[in-house]
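Residue numbers (our numbering), protein chains in the order written: chain A, 33 to 127; chain B, 410 to 888. The beta-carbon is built from N, C-alpha and C at its ideal position, and this holds for glycine as well. This structure is a prediction, so every number in the text was calculated from the model and none was measured. This report concerns only the one structure given below.
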């Protein structure tokens, strides 16, 4: 699969990672070589096979639906880049 | 006085309980060695300043006969395991200043079993790498040959155990990140069945593949340590609610009731003749000690690498979306708007390999490509799992080399696919969720090599037992 600059810009925007212009050619080359390796799996016929999302057949464990108070906001916000009065600060979203 | 750092875990536990030596003594011996060698090897990202305090507490528990199973044993944790109020970087600039608000279950369990934490070990950034060259905190050197890599991603833990800078260490294995570095550093490394060890507080890379495990100097030591981190955890939705047997008893039993499967086509295709010879020599050692082997066919295993490089990046692109520069982690300077804050914080905080994998994963999950890549990979994954399920109808374990080569020189592999091929023999066990162990099987030009046993679901005891039998008949793990 060839990756055009347009496709690269699209996945850069979807993944919210800014990509500098100067590294784009090398990055496209690397991504294409990874996809070329990945596409070897197309050799297998999987028309009658179910997709497997999890290594075990067991269902997920769910907790009882009981309110818990394990999270202390102040403690969790200690690592935040910017907070005020218990809120996370970001640049203005609405102009 | 004898060197306490050269004792096995079992000897250390016995020596501490019989008060032959104290935890403060053994902890000090390791700290001294770390101070001297970490400058060169770079296997620790941070050291625990309270290690000696923890050792003193252990000594007083031992004095009061209140010792836990591994009271006073000094260990190291891969820096992917959160420890409350301590720095957890995951090898990334993104988490350079992250102080965890809670502890991982693996850490809690080892703390509760009495271990002393010496520090957090270096690793490939977010566990993505096979050489420990993607860490923001610098390369780790292989203690056996400083020009070479220790393997990855748990390279710091592997190097620390191999250099005897801790009794054992924790690691994680998504595609081989315990077994490959164990092989490169000449030690024992085990990844249990998916779900055996809780993923709570273990920073996520690819959640359907990630599994915590152990680096140790022998299968018996690994068995003791693994037993102490295994078990159901309600905080992990994919944790297995299954009884944990005594892995130590299972590993040390004299049972020889094994049928070891040799996947013929995989072995025939080993490119390096010395690796192939080493494998056949290892088979011979097993057979001479009375163990049955049987040739088997493992179909579609050759597609493991392509499948892995869709599923792991896809899951990583979702998991790593949490690093947004808002709630925790790196934030760029002077963001123009929210979009700019996300895009630049992530561009600056993540290294090149991590970004590459997020981009591949995003591509495979994006509209128009989802079925062709992600669903296709999930279907082939099912076929790979089925091959193992069929194999285990005939054999009790499957034997393969751990790696296709011995450790390579730092910065010698630049091509991403060539680097990914480092994990061709380790990835299948992750895709199927099976337990697997790597043990030393000899040396090529003085560099260690490993063989791998893959066990059936929940049968860690079987492969530990087989490894122990191999180690009773060889001395590679003590060289």
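So, is residue i buried or exposed, given that buried needs 16 or more other C-beta atoms within 10 angstroms?
{"i": "residue 588 of chain B", "result": "buried"}
{"i": "residue 841 of chain B", "result": "buried"}
{"i": "residue 812 of chain B", "result": "buried"}
{"i": "residue 632 of chain B", "result": "buried"}
{"i": "residue 85 of chain A", "result": "exposed"}
{"i": "residue 645 of chain B", "result": "buried"}
{"i": "residue 739 of chain B", "result": "buried"}
{"i": "residue 567 of chain B", "result": "buried"}
{"i": "residue 777 of chain B", "result": "exposed"}
{"i": "residue 99 of chain A", "result": "exposed"}
{"i": "residue 831 of chain B", "result": "buried"}
{"i": "residue 459 of chain B", "result": "exposed"}
{"i": "residue 118 of chain A", "result": "exposed"}
{"i": "residue 35 of chain A", "result": "buried"}
{"i": "residue 103 of chain A", "result": "exposed"}
{"i": "residue 886 of chain B", "result": "buried"}
{"i": "residue 684 of chain B", "result": "buried"}
{"i": "residue 469 of chain B", "result": "exposed"}
{"i": "residue 689 of chain B", "result": "exposed"}
{"i": "residue 872 of chain B", "result": "buried"}
Mind listing the chain A neighbours of residue i? Cutoff is C-beta to C-beta under 7 Å, in chain order.
{"i": "residue 784 of chain B", "result": "83"}
{"i": "residue 689 of chain B", "result": "Per Cβ cutoff of 7 Å: no residues; residue 689 of chain B is ~28 Å from chain A at best."}
{"i": "residue 514 of chain B", "result": "Within 7 Å Cβ-Cβ: nothing; residue 514 of chain B doesn't reach chain A, min ~13 Å."}
{"i": "residue 841 of chain B", "result": "87"}
{"i": "residue 736 of chain B", "result": "112 and 120"}
{"i": "residue 746 of chain B", "result": "123"}
{"i": "residue 726 of chain B", "result": "47"}
{"i": "residue 718 of chain B", "result": "66, 69 and 70"}
Show which residues of chain B have a CB atom less than 7 Å away from the CB atom of residue i.
{"i": "residue 99 of chain A", "result": "Within 7 Å Cβ-Cβ: nothing; residue 99 of chain A doesn't reach chain B, min ~16 Å."}
{"i": "residue 62 of chain A", "result": "765 and 825"}
List the whole-angstrom C-beta distance separating residue i from residue j, where the pair is believed to meet the contact cut-off of C-beta under 8 Å.
{"i": "residue 614 of chain B", "j": "residue 535 of chain B", "result": "6 Å"}
{"i": "residue 416 of chain B", "j": "residue 433 of chain B", "result": "So it is not a contact: roughly 16 Å between Cβ atoms."}
{"i": "residue 629 of chain B", "j": "residue 877 of chain B", "result": "6 Å"}
{"i": "residue 551 of chain B", "j": "residue 451 of chain B", "result": "That pair is no contact at about 11 Å."}
{"i": "residue 578 of chain B", "j": "residue 514 of chain B", "result": "Going by Cβ atoms, the distance from residue 578 of chain B to residue 514 of chain B rounds to 17 Å, so no, they are not a contact pair."}
{"i": "residue 65 of chain A", "j": "residue 737 of chain B", "result": "Going by Cβ atoms, the distance from residue 65 of chain A to residue 737 of chain B rounds to 34 Å, so no, they are not a contact pair."}
{"i": "residue 580 of chain B", "j": "residue 528 of chain B", "result": "That belief does not hold up - the Cβ atoms of residue 580 of chain B and residue 528 of chain B are roughly 14 Å apart, past 8 Å."}
{"i": "residue 516 of chain B", "j": "residue 486 of chain B", "result": "6 Å"}
{"i": "residue 603 of chain B", "j": "residue 88 of chain A", "result": "6 Å"}
For residue i, go through chain A and note every residue whose CB falls closer than 9 Å to its CB, in chain order.
{"i": "residue 650 of chain B", "result": "90 and 93"}
{"i": "residue 707 of chain B", "result": "Result: empty, since nearest Cβ-Cβ is about 14 Å, beyond 9 Å."}
{"i": "residue 868 of chain B", "result": "Per Cβ cutoff of 9 Å: no residues; residue 868 of chain B is ~14 Å from chain A at best."}
{"i": "residue 791 of chain B", "result": "78, 81, 82, 83 and 84"}
{"i": "residue 557 of chain B", "result": "Those within 9 Å of residue 557 of chain B in chain A number zero; the least Cβ separation is about 24 Å."}
{"i": "residue 634 of chain B", "result": "What residue 634 of chain B touches in chain A: nothing, since even the nearest Cβ is about 23 Å away."}
{"i": "residue 755 of chain B", "result": "47, 48, 49 and 50"}
What residues of chain B sit near residue i, judged by a beta carbon separation below 8 Å?
{"i": "residue 110 of chain A", "result": "508 and 510"}
{"i": "residue 126 of chain A", "result": "Correct list: empty, because the minimum Cβ distance to chain B is about 10 Å."}
Who are the neighbours of residue i on chain B, taking C-beta pairs under 9 Å?
{"i": "residue 41 of chain A", "result": "Under the 9 Å cutoff, chain B gives no residues; its nearest Cβ is about 11 Å from residue 41 of chain A."}
{"i": "residue 72 of chain A", "result": "711, 712, 714 and 715"}
For the ligand ATP, is there any heavy atom lying closer than 7 Å to the beta carbon of residue i?
{"i": "residue 462 of chain B", "result": "In the structure on display, the ligand ATP does not appear, and there are no ligands present to speak of."}
What residues from chain A crowd round residue i, counting only those whose CB sits closer than 8 Å?
{"i": "residue 740 of chain B", "result": "113 and 114"}
{"i": "residue 751 of chain B", "result": "48"}
{"i": "residue 787 of chain B", "result": "83, 84 and 85"}
{"i": "residue 581 of chain B", "result": "By Cβ distance, chain A contributes nothing, its closest Cβ being about 15 Å from residue 581 of chain B, past 8 Å."}
{"i": "residue 771 of chain B", "result": "43, 46 and 47"}
{"i": "residue 821 of chain B", "result": "Chain A residues near residue 821 of chain B: none, gap ~17 Å exceeds 8 Å."}
- Message: Quick test of the definition: if touching needs 3 or more C-beta pairs under 8 Å, does the stretch 88 to 97 of chain A touch the stretch 710 to 722 of chain B?
- Response: They do not touch, by the three-pair rule.
- Message: Assess contact between the stretch 729 to 746 of chain B and the stretch 703 to 713 of chain B, defined as three or more Cβ pairs (one per stretch) separated by less than 8 Å. Is contact present?
- Response: Under the three-pair Cβ rule at 8 Å, the stretch 729 to 746 of chain B does not count as touching the stretch 703 to 713 of chain B.
- Query: Can you list, in chain order, the residues of the stretch 598 to 632 of chain B whose Cβ is nearer than 7 Å to any Cβ on chain A?
  - Reply: Result list: 603, 604 and 617.
- Task: Decide if the stretch 74 to 82 of chain A is in contact with the stretch 783 to 791 of chain B; the criterion is three or more beta carbon pairs, one per stretch, under 8 Å apart.
- Result: With a cut-off of 8 Å, the stretch 783 to 791 of chain B and the stretch 74 to 82 of chain A count as touching, because enough Cβ pairs lie within range.
- Task: Could you list the residues in the stretch 44 to 69 of chain A with a C-beta less than 9 Å from some C-beta on chain B, going in chain order?
- Result: Taking 9 Å as the Cβ-Cβ cut-off against chain B, the residues of the stretch 44 to 69 of chain A that qualify are 44, 45, 46, 47, 48, 49, 50, 51, 52, 55, 59, 62, 63, 65, 66, 67, 68 and 69.
- Query: Are at least three pairs of beta-carbons, each pair with one atom in the stretch 519 to 526 of chain B and one in the stretch 467 to 480 of chain B, less than 8 Å apart?
  - Reply: Yes, since at least three Cβ pairs between the stretch 519 to 526 of chain B and the stretch 467 to 480 of chain B fall closer than 8 Å, the two stretches touch.
- Using 8 Å as the threshold, is the stretch 585 to 603 of chain B in touch with the stretch 495 to 506 of chain B, meaning 3 or more CB pairs across them? No, the stretch 585 to 603 of chain B is not in contact with the stretch 495 to 506 of chain B.
- Message: With three or more beta-carbon pairs closer than 8 Å as the criterion, would you say the stretch 560 to 578 of chain B touches the stretch 839 to 855 of chain B?
- Response: As far as the Cβ criterion goes, the stretch 560 to 578 of chain B does not touch the stretch 839 to 855 of chain B, which means the pair count is below three.
- Task: Could you say if the stretch 528 to 543 of chain B and the stretch 577 to 587 of chain B meet the contact criterion of at least three C-beta pairs nearer than 8 Å?
- Result: Judged by Cβ distances under 8 Å, the stretch 528 to 543 of chain B makes contact with the stretch 577 to 587 of chain B, as three or more pairs qualify.
- When the Cβ atoms of the stretch 603 to 612 of chain B are set against those of the stretch 642 to 661 of chain B, are three or more pairs found closer than 8 Å? As far as the Cβ criterion goes, the stretch 603 to 612 of chain B touches the stretch 642 to 661 of chain B, which means the pair count is three or higher.
- Within 8 Å of chain A by C-beta, residues of the stretch 561 to 575 of chain B in sequence order: Taking 8 Å as the cut-off between beta carbons, none of the residues of the stretch 561 to 575 of chain B comes near chain A.
- the stretch 636 to 648 of chain B: which residues have C-beta closer than 7 Å to a C-beta of chain A, in chain order? When CB distances to chain A are screened at a threshold of 7 Å, the residues of the stretch 636 to 648 of chain B falling below it are 643, 646, 647 and 648, in chain order.
- Query: Three or more beta-carbon pairs under 8 Å between the stretch 665 to 678 of chain B and the stretch 694 to 701 of chain B, yes or no?
  - Reply: Yes, since at least three Cβ pairs between the stretch 665 to 678 of chain B and the stretch 694 to 701 of chain B fall closer than 8 Å, the two stretches touch.
- the stretch 799 to 811 of chain B in contact with the stretch 855 to 864 of chain B per 3-pair CB rule at 8 Å: When Cβ pairs closer than 8 Å are counted between the two stretches, the stretch 799 to 811 of chain B is seen to touch the stretch 855 to 864 of chain B, the count reaching three or more.
- May I ask you to verify whether the stretch 755 to 765 of chain B touches the stretch 47 to 55 of chain A, counting CB pairs closer than 8 Å and requiring at least 3? Yes: the two stretches touch, three or more of their Cβ pairs being nearer than 8 Å.
- Query: Listed in chain order, which residues of the stretch 802 to 814 of chain B have Cβ atoms closer than 7 Å to some Cβ of chain A?
  - Reply: Cβ contacts with chain A: none found.
- Item | Positions along the stretch 830 to 863 of chain B whose CB lies within less than 9 Å of some CB in chain A | Those residues of the stretch 830 to 863 of chain B that come within reach of chain A (Cβ to Cβ, closer than 9 Å) are 830, 839, 840, 841, 842 and 843.
- Of the residues that make up the stretch 516 to 533 of chain B, which ones have a beta carbon closer than 8 Å to any beta carbon in chain A? Along the stretch 516 to 533 of chain B, there is no position whose C-beta sits under 8 Å from a C-beta of chain A.
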